[in-house]
Each structure stands twice: as C-alpha cells, then as structure tokens.
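Chains as they are written, first to last, in the numbering used here: chain E, 374 to 579; chain W, 374 to 579; chain U, 5 to 271. Note that CB positions come from ideal geometry on N, CA and C, so glycine has one too. See structure below.
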Amino acid sequence: MSSLECKALVEGLLFVADGPLSMDRLVSILPERDRQEILAAIEALRLDCERNARGITLAEVAGGYQLRTRPEHAEVMRRLQKSRPLKFSQSALESLAIIAYRQPVTRAEIEYLRGVDCGGVVKTLLEKKLIRILGKKDVPGRPIVYGTTREFLETFNLKNLNALPTLKEIQDLAELPVYEEQGELPLDPSLSVPFIQPLLQGEPES
Amino acid sequence: MSSLECKALVEGLLFVADGPLSMDRLVSILPERDRQEILAAIEALRLDCERNARGITLAEVAGGYQLRTRPEHAEVMRRLQKSRPLKFSQSALESLAIIAYRQPVTRAEIEYLRGVDCGGVVKTLLEKKLIRILGKKDVPGRPIVYGTTREFLETFNLKNLNALPTLKEIQDLAELPVYEEQGELPLDPSLSVPFIQPLLQGEPES
Amino acid sequence: MTGSPTQLLFDPLQYSGYTVRVDTFEGPLDLLLHLIRKNEMEICDIPIASITRQYLEYLELMKELNLEVAGEFLVMASTLLQIKSRMLLPSPEEDEAGEAEEQDPRAELIRRLLEYQRYKDAAAVLGARELLGRDLFSRSLPFPDELEEKGEDQPLVLELFDLVEAFRQVLSKVPFERFHDVISETISVAERIGRILDKIDQSGSVLFEELFDEEPLTRELVIATFLALLELCRLNSIKVAQSEPFAAILLIRGNESLSSEIEYVES
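And the structure:
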C-alpha cells in the first residue's frame, strides 16, 4: 500500500504545483520517502496515464515533472481557454533558435545571422520570459548577452537544452551541404567584411 | 471506446479549467457528445479516482465539477506551497531597482520616486540581504543611505555592478526605427557605390 | 529567365494576393534564399549576376507597390552589386596563390546564407514541437505571490530584465529632467563603495593602498575608488586613521550601529 500511497501523493503534488517539480524538490517535500521510491512512483504514474486512457500525461520538462493534457486533445482544450492560443511569428522562432543554439549571444550576433534588426523581437521574448539577460560580454562595448530560460524549455516541451536536436541533425534532415562548426561571428568591425558595417552602426552604444 | 475517450476529454478539461465547470459548460465545449454521455464520463472518472488510489478526487461544487487533491494529503500539499521559490512583488522590485541604479540613495529619495511609503519594503530587502546600509548622508536629519550587497550580485548572477544593463540598452531594444533608414534604392547604376560604377558598364548580361 | 518582377517572383497560381506575400520575407537573407530555391540554384555557387538582378527587381517591385523597404534590404543590394563588380575583376595574380580559394567575393555571403538556412530550419523544428499553451496545457492556478509572507529562507526568483523594467517604469512616472544623466557614472562609484565596504568588513580594517591593488588598475578605477572613499567618509560610514604622520593610512568602519538603524527604518 505504501507505494500506492506514494504514487497518489506525487500525483497530488504535480497536480497542485504551478510548474514542473524537480526530483530534488519532490525529495525535499517528501522526506519520509527515499528518492528511489519517488522515482518508482513517478514511473508508475506515467504508465497509469498511458495505459488507462487518461486525459493527462506525465511530461519530463525543464528539469522536472509536470502533468499536461494530451496533444490529441489540443483542439478541445483550446475551446476552454479564454486567451488566444500561443502563436509564434517567424521572426520570434528564428531569433529563439539562434539564442537557443548560440547562447550566450549578443543582439548584434542575432542581427548578423538574421540580417535584420531584432531589437523588438528580443524585447518581446524578454517580456514573455522565453529569454533572459545572462550578463555582459567581455569585449569592447560590453554588450548584453542573452540565453534561454526555464520557461523556454517548458513552452517547447524540452527536458533540457540537450534535448534540442543538434544543428547537424536538423541539417541532415534538410539535406543541406554540411557547413563547418559554429565559430565566432565576425562582428568586430575591424575584422569583418565591409558590407556588414552599415548594420553595426545602428547598434546601441554602451 | 468512445466513452473512454469522452472520459479522457472530461478529465483534461477539468484539469485545465481554473474553476469548477458546470454541466452546461461541458456540454457547450463538447457539442459532439450528448449530456448523458458526459454525465456517464464524469461518473466513470469519479469512480476511477476513488478505486485506483489516485492523488486527486472529483468534487461536485458550486454547481459544477472540479478536480481536487485529497483532503488527507493537505499537509503534504502545504509543504509544497511553503517550499516555493519567492517571487518578488512589484513594489519590492521597483524599490530594489531604484536602490541598484541610484545608490547610495536615501529612503526619502526612493519614496519620492515611487510616490509611496517604502519602509516595509526596504526592511524586507534588508532582511533578504539584497541591500545594506552604506552610512548616513551629511544633510540635515542625517538620513541613512542604502546600496546593494554581494548577495544582490549573486542573485542576479552579476560579476559586478557595472554588469547591470543600463536603461538605455533596454530602451534601445524597444525602438523600431528600422524604416527610418529608408533611402533611395541603389537600382540605378549611376546611384550605386561610386567606385564600382565603371565596372558595371562592362557587365555581361546573363 | 527574364520577365516582369511580378511574374518572376509570384506565380499567380500559387499566390493569389501577391501584395500580402511581399511582406513575408524576414529580411534580405530570407529573400535571397527564396530566390535561390525558386531558381533551383546551388547556395554554394550562386550565379551572382542573375541573383542580383532578381533581387533588385524585387526591391523595385516593393517600391512600385509603395511598400517600405527596410534599410537592411538596401545594404544587401549594395553588397550584391559590390560582389558582382568584384567578380568581374581579373583575379589578382598574387604570389600567395594558396589563398586564391578564399578570394571568392561571394564567400562571406554564401557563409551567411548557409548559416541563416540552418537557423531557419532550426526555427521550423522548434515551431513544429508540441507547445505548451498551443498543443498541451497544464494547470494555470498560480499561488498568490507575496514577498511579505516571509519566514522560510526560500530561494529568490529574480530576473535582471524585470529589475531594469521596474526601474524604467518608476522613471517614466517621474518628471524626467531631474533623472537623466549619471547612471553609468554613478554605478562605478557605487560599485567601488561596495568593494571598499566588503574589504573592510572582511578583516575589520583595510590599508589605503590595498584599495588599489586589484585588477588592471585603470585611471577610471582609481578615480572611482577615490570618489567612493570620499563618499563613504562623507556618509560617516568609514573612518580614516593614521598612527603617526606619513604612516600607513588605515580605513575602518564608522561608529554607526546597524541595529538601531534598522529600527529607524521601521518607524
């Protein structure tokens, strides 16, 4: 009975939590149970959800566990939502992809890669908490560098950043000619080819 | 199989809803199912929760249905709430921001900027060790002046105070002057970059 | 290959309303990729004259339709023209023949196109995932947030961006003329104040010289440190002592008692 009870407790906790719960967090909330027992309970709960045609699934995201509705029910669930469903613009996705794969990355680097001004997009992504300010880069001008957040992992249903397919894998899918590994971007005006200079002049002075 | 699917849908809806769902509401969200079918699904879900030692129960409250944790688990659920990371209230955040950017600063100056009393917030920030007393200002009344601490830097993962992004850097993100730069299109060879002009004359048409 | 830009770029069978379609390129790189794909060209060996002509025709079309052409598109236009003209130059017969490969004027553009293509694909992969809030839903019942309900020593959740935004909001409500300058300047003095207090608090006292024994000692750092020192003296937060003339200058904490000050805050 004890393991059944543990499973019920874990389900209740995941139900109440307002975000993914990490294993450490579960262990600290349930000091009477050991880690092994909790892990088993999570596994049992996951199987329960799959086998018994439940309306929820147990997802492993953002370094924790969370209950979520089934993807095949998305359309019905959306009817319940008051707010409009989440939608990403192409520019938001491209900027997010660059930040996710190249973090820590500066705004100038994102703009160099995309070839367009990205200030507005970066601001929106910051406001939506999908990216965050990581600090400043140790180069002249000390530009701000950005990276992705826990909310990014939660939103994109990722266990951690390593769960993102590598750029190489994506490229193989698209069957593009393989291009060399990620290197420094030639953003230093003195090093770069002449034509990107005009873009850099619009950069904020800091 | 259809009734299993209906039960799963109802479970998903009750899971996502931010309050009790009435039968009328469920019927309107699930127009493909009739009321009888939905009622049966709810009954099946309730039995599921009871029989299978689940962590949640289906309650009939305030003219609707709602999923809830079990009353006997209340104590554990409270532990979860207590172990929650603290989020900052807007007033705490604003005061902290003023202190970070304008230190050394007096409480009167913070209150002048925010337009409200800040005694309680300042005390809390002191207790959280995010700010500290730097000394007393040499003006009549000798008010205390505040500044941020090493813990402040650690909390924000900052190397030093110079790594704080400036207002200008954030404001520059929001501006959208992309189209301001619009100029003549360099379509006419005579308008294009001067030094390549002679070369264009010999251009072979492809 | 020639034709009016409209025919060239927008197959009417594919796009009924091309004016809407015009706006959907993310930028010059996106437009170039579109042209390359449409013409079934190889990114690694772009026929630069042809692509340049089509690119310029597209910009001309945008102009005819009275659409705004962002600066980036114009920058790329002159880049293309520049590359095209450089392709026409006889290749310089330098003795460093090994670098001839690098001299392809298109190299940088090709590199950027390939790189952009990678992130465009990555964006598509991201967008195709099952998204929380679109395909999956979790419960949305946050606990009420209150910092005031303290007690336990819980970790703090704070984002730098929130801090800056909070400051921006405060300032936006305040008459501006009083608070425009200083910030970046103040910060380094403030930072020095913090450093000096940290040093004193660590060992009870610190030698004047020790304030200047760190990092690459720049002129700005010395000035900021000295201003910080003056400020701390003015605030009576530290005292400057010397056992005899020309002896080492010692800095110690002022005699203010902290506990009484916290009470003062409460009042």
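query: Are the C-beta of E:Glu384 and some C-beta of chain U separated by less than 7 Å?; result: no
query: For E:Thr442, go through chain W and note every residue whose CB falls closer than 7 Å to its CB, in chain order.; result: Gly385, Phe388 and Val389
query: For the alpha helix (DSSP H) that contains W:Ser376, what are its first and last residues?; result: Ser375 to Val389
query: Bridge partners of U:Ser209, per DSSP?; result: U:Ile256
query: Just checking: is the beta-carbon of U:Ser142 within a distance shorter than 7 Å of some beta-carbon in chain E?; result: yes
query: List the residues of chain W that U:Gly258 touches, going by C-beta distances under 7 Å, in chain order.; result: Gly508
query: Select from U:Lys203, U:Arg238, U:Pro32 and U:Gln58 the residue whose C-alpha is nearest the C-alpha of E:Tyr485.; result: U:Pro32
query: 7 Å is my cut-off, CB to CB: does W:Glu423 come that close to chain E?; result: no
query: Between which two residues does the beta strand (DSSP E) holding E:Leu503 run?; result: Counting along the chain, E:Leu503 falls outside any beta strand (DSSP E), and DSSP gives it neither H nor E.
query: Could one say the Cβ of U:Glu129 lies closer than 7 Å to chain E's Cβ atoms, at least one of them?; result: Looking at the sequence shown, residue 129 of chain U is not Glu but Val. Taking Cβ atoms only, chain E reaches closer than 7 Å to U:Val129, which makes this a yes.
query: Using C-beta distances below 6 Å, list every residue in its chain close to W:Tyr474, excluding the 5 sequence neighbours before and after it, in chain order.; result: none
query: From U:Glu30, U:Leu85, U:Leu167 and U:Ala126, pick the residue whose C-alpha is nearest to that of W:Lys460; which is it?; result: U:Leu167
query: Return no unless some Cβ of chain U is closer than 7 Å to the Cβ of E:Val489.; result: yes
query: Residues of chain U with CB under 7 Å from W:Gly520, in chain order?; result: Ala194, Ile197 and Gly198
query: Around the Cβ of W:Lys455, are there at least 16 other Cβ atoms within 10 angstroms (buried) or fewer (exposed)?; result: exposed
query: If we ignore side chains and look at the alpha-carbon of each, how far apart do W:Thr497 and U:Asp125 end up?; result: 48 Å
query: Applying the criterion that 16 or more other CB atoms from any shown protein chain within 10 Å of the CB defines a buried residue, is W:Ala447 buried or exposed?; result: exposed
query: Against chain E, with Cβ distances strictly below 7 Å, would U:Arg133 count as a contact?; result: yes
query: Enumerate in chain order the residues of its own chain whose CB-to-CB distance from W:Ile411 is below 8 Å, with the five nearest sequence positions on each side excluded.; result: Cys379, Val383, Met396, Leu399, Val400 and Leu403
query: DSSP three-state call for E:Gly392: helix, strand or coil?; result: coil
query: Which word fits E:Ala432, buried or exposed, when buried means at least 16 other C-beta atoms lie within 10 angstroms of its C-beta?; result: buried
query: Return helix, strand or coil for U:Glu163, following the three-state DSSP convention.; result: coil
query: So, for W:Phe388: in the same chain, excluding its five sequence neighbours on each side, which residues have a beta-carbon less than 7 Å away from its beta-carbon?; result: Leu440
query: What does DSSP give as the partner residues of W:Val400 in its beta bridges?; result: DSSP output for W:Val400 lists no bridge partner at all.
query: I need the boundaries of the alpha helix (DSSP H) containing W:Gln454, first residue and last residue.; result: Ala447 to Lys455
query: In the DSSP assignment, the beta strand (DSSP E) including W:Gln439 goes from what residue to what residue?; result: Gly437 to Thr442
query: Going by beta carbon distance, what residues of the same chain come within less than 7 Å of W:Cys422, once the five residues before and after it are set aside?; result: Ile429, Thr430 and Leu431
query: Which residues in the same chain as E:Ala381 place their Cβ atom closer than 8 Å to its Cβ, once the five residues preceding and following it in sequence are excluded?; result: none
query: Should W:Leu558 be flagged as near chain U, meaning a C-beta pair shorter than 7 Å?; result: Confidence at W:Leu558 is low in this model, with a pLDDT of 42, below 50, so the placement of that residue should be treated as unreliable; the coordinate-derived value is given next. Closer than 7 Å to some Cβ of chain U, the Cβ of W:Leu558 qualifies, so yes.
query: Which whole-angstrom value is the C-beta distance of E:Leu469 and E:Leu499, which I expect to be below 8 Å?; result: No, E:Leu469 and E:Leu499 are not in contact; Cβ-Cβ is about 12 Å, not under 8 Å.
query: Identify the continuous alpha helix (DSSP H) that holds E:Gln476 and give its terminal residues.; result: Here E:Gln476 belongs to no alpha helix (DSSP H), and DSSP marks it neither H nor E.
query: Who are the Cβ neighbours of W:Met450 in its own chain at under 6 Å, not counting the five residues just before and after it?; result: Thr442
query: Classify W:Lys509: buried if its beta carbon has 16 or more other beta carbons within 10 angstroms, exposed otherwise.; result: buried
query: Which residue or residues does DSSP assign as beta-bridge partners of W:Val518?; result: W:Thr479 and W:Gly508
query: Relative to the C-alpha of E:Gly493, which candidate in E:Ser462, E:Ala426, E:Thr522 and E:Leu507 has its C-alpha closest?; result: E:Ser462
query: How about E:Ala536: is its C-beta nearer than 7 Å to some C-beta of chain U?; result: no
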